[in-house]
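In the numbering used here, each residue's number is its place in the sequence shown (first place is 1) plus 42.
We put the CB at the ideal spot given by N, CA and C, even for glycine.
Below is one structure; the comments refer to it alone.
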Amino acid sequence: MQQWKRQPYARIRQNAPDAPYKEIRVINPSRGLNLLVADILANDKEATNGTKNIEYVEGGAARKRMGYTEVDTIANLGVAPRGLAAYLSEAATYPVTSDAGVLKKYESGTWTSLGGVTLDTGANITLTSLFEKTYAWDGVNGGIVWDGSSVTRPGTMPKAKFSVIYKGYHVASGVDGQPFRLYFAPSGEPSRFTRLNAPSDPNDVGLHNVANVPGATVFSGDDTPRAIDINRNDGQKVIGLGFFQDVLIVFKEKSIYQLYFNDSNGFVVERISSSYGAVCHGAIASVENDCYFLTDKGVYVLGNEPNFYAAIRTNELSSRVKTLLQRINPVYYERCRAYYHDDRYFLSVPLDQATECNTMIVYDRRFYAWAYWTNINANDMLAFNDRDGDGKTHFYFTEYGSATMCEFTPGVYNDKGEAITATYITRAFDGKSIDREKFWYSLRPIFRLTTGAVQISYITENGTVGRPVSIAPILTGGLGVDQIGAATFGTSQHDLYTDVDMGLSAASDDSSSSSETDATHTLFDIGVGIDARTLKVKYENDGLNETFTLLGWVMLLQEKDPGRFDGAYTIR
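What follows is the structure in structure tokens.
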């Protein structure tokens, strides 16, 4: 919001006793990261390039993201675990992962081997939770299952890469040798994807031999298991499975289909898109009633995102961070992982030359905001309801390169004891006059719940200018000895221009205090004193166990004579 004002200034500008100035106000800067447009074209509430490790809280305030801690107090993992899911039964619930191919469960702060058969140690592992069964897939051998007492490979499962539950069926796919096929095991026998006999109908898929069910070794039972090939002749393999409302969504390499059953329990397959598919099963997530998925073009939504049509269609969500997603190494698409928790879609990806996931890209549905989180190497995630323990939901993830499981912990501002560098960089403000040079008088940031020091610096169209300002709390009850705040100024004009000069109320003196201000927010008044056409503000904290919550800011500026222009860019 901008307001025009006109006040007398004794010392603001010589020969300009009635100089006008502009006031720019931004409250709840919650629109997230925008890398699509130039900094001068971004929304006032959007952050720009260089912003990292920020999350949005309350009504849209920007805060340093939560940190994470190790949760396995007794290290019984040999290597970095792969895959993460829960075992669910009436008797017990606990997380399950694979450690060098061996399934292990996590209870009472320690990992315990479940024994039995193992998975391929070099494969990407996915786990699927059913009631009283947890399935593990490596895409190399037939699937294995933990039933609460033993880990077995029944021989009746294909060498799938992933599976889901749909309408009571256990659906597996991603099978080398049958890359277009979906396998359906009945609800009463969720581990049996094979049959004893060939089908009587030549149009049905045979499930009676290894050619039709690669990875299986046991062929027995009736014809209740089923299978279907999804547009076999297009040459595109099935990449992943998801859900939209009551239908199963089948993602191929460059197309998307929906599958459901008709009144006769027959398959109905309809194409949704032939423009793109998904890059991997792990980057598909159910988000409320919608389905989010990662393509080679960005993150798309299938369903009813606000302001989108209600019909089944795809819409891009990630246009504002497209350049960030383009840095994902395509060779390692299969390692991307996504999870929906606490109103946010968490996407773990390998950027640039990384061979494993090294970055978290987060979409907050509440504010339609994207965030870029560094120093997080998640290879899988799980929101686990510990009903046998503290009854709380814990957001776990397993790490690449570390034999441990971690938990995102709100209120903790370190990553396993390491400091988090949080940076928020505003758009390039121009006062709605991009061509006019301005004198930027002051910045008034509004903080709350801040610990540690916040560094504030300025970036103009010519780069970083001025000396940074450091704001540091002294008392735990508030920001500064007066509970209003103590700021160490770099380039400050307060020794020249006062609030009275600017037509604003004077700041509180050192003897005043306000419990209301202390409880709700703290307002700083920082002299800027910079001549520039545009100005960006950079807020940063890199302290261990330190954080800040940025509610907004007010900027005061004065436009200069329109005739003033940089001669280097003047053409006559």
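- Pairwise C-beta distances place the segment 357–364 out of contact with the segment 205–221, as fewer than three of them are shorter than 8 Å.
- Going by C-alpha positions, L238 is about 5 Å away from F261.
- Between A411 and Y98, the C-beta spacing is below 7 Å.
- Under the 10 Å beta carbon count, V144 is surrounded by 16 or more other beta carbons and is classified as buried.
- By the neighbour-count criterion, in which a residue is buried when 16 or more other Cβ atoms sit within 10 angstroms of its Cβ, F335 is buried.
- Judged by beta-carbon spacing, N587 lies beyond the 7 Å limit of Y466, meaning their Cβ atoms are not closer than that value.
- Straight-line measurement puts the Cα of T435 at about 35 Å from the Cα of N85.
- Unbroken beta strand (DSSP E) runs of no fewer than 3 residues, entirely contained in the segment 368–428, are found at 379–383, 386–391, 401–406, 411–416 and 420–427, following chain order.
- For A127, the enclosing beta strand (DSSP E) begins and ends at R124 to L130.
- Judged by their CB atoms, A445 and A142 are not nearer to each other than the 7 Å cut-off.
- When the five nearest sequence neighbours on each side are left out, the beta carbons in the same chain lying within less than 6 Å of the beta carbon of A425 are those of H383, T435 and F437, in order along the chain.
- By the CB criterion at 7 Å, D422 and R379 fall inside the cutoff.
- Taken through DSSP and simplified to helix, strand or coil, T160 comes out as coil.
- L249: not part of any beta strand (DSSP E); DSSP gives it neither H nor E.
- By alpha-carbon distance to K474, the top candidate from S306, L599, R105 and L156 is L599.
- Cβ contact annotation for R407 (same chain, cutoff 6 Å, sequence separation greater than five): D385, in chain order.
- Each residue's CA atom was taken as its position, placing T198 and A133 some 27 Å apart.
- In the three-state reduction of the DSSP assignment, K364 falls in the helix class.
- Within the model, the alpha-carbon separation for N583 versus D218 is close to 49 Å.
- A distance of 7 Å or more separates the beta carbons of L156 and A127.
- Annotation: the continuous beta strand (DSSP E) that includes S215 extends over Y211 to S215.
- The secondary-structure analysis by DSSP pairs R490 across a beta bridge with T591.
- Rounded to whole angstroms, the separation of the alpha carbons of G102 and R73 is 8 Å.
- Take D271, set aside five residues on each side of it, and the residues of its chain with a beta-carbon closer than 6 Å to its own are F222 and R223, in chain order.
- Shown here for L249: same chain residues with a beta carbon closer than 7 Å to its own, the five before and five after excluded, namely F235, T236, R237, V255, P267 and A269 in chain order.
- Of G453, D114, V507 and T416, the smallest CA-CA separation from G151 is found for D114.
- Between G158 and T194, the alpha-carbon positions lie close to 6 Å from each other.
- DSSP, reduced to helix, strand and coil, places A464 within a strand of the structure shown.
- Straight across, the Cα-Cα distance linking T463 with F489 is about 18 Å.
- For the set P200, T176 and G184, the Cα lying nearest the Cα of S191 is the one of T176.
- Membership of C333 in the beta strand (DSSP E) is indicated by the continuous run D332 to T337.
- A Cβ-Cβ separation of about 6 Å places L359 in contact with Y405 under the 8 Å criterion.
- Shown here, N183 sits in coil according to DSSP, grouped into three states, outside any helix or strand.
- A check of alpha carbon separations from Y581 across G92, L83 and S215 identifies G92 as the nearest.
- Spanning the alpha carbons of Q497 and S512 requires a straight line of approximately 5 Å.
- Within the segment 262–324, the runs of beta strand (DSSP E) at least 3 residues long that lie entirely inside it are, in chain order, 268–271, 280–286, 289–294, 298–303 and 309–315.
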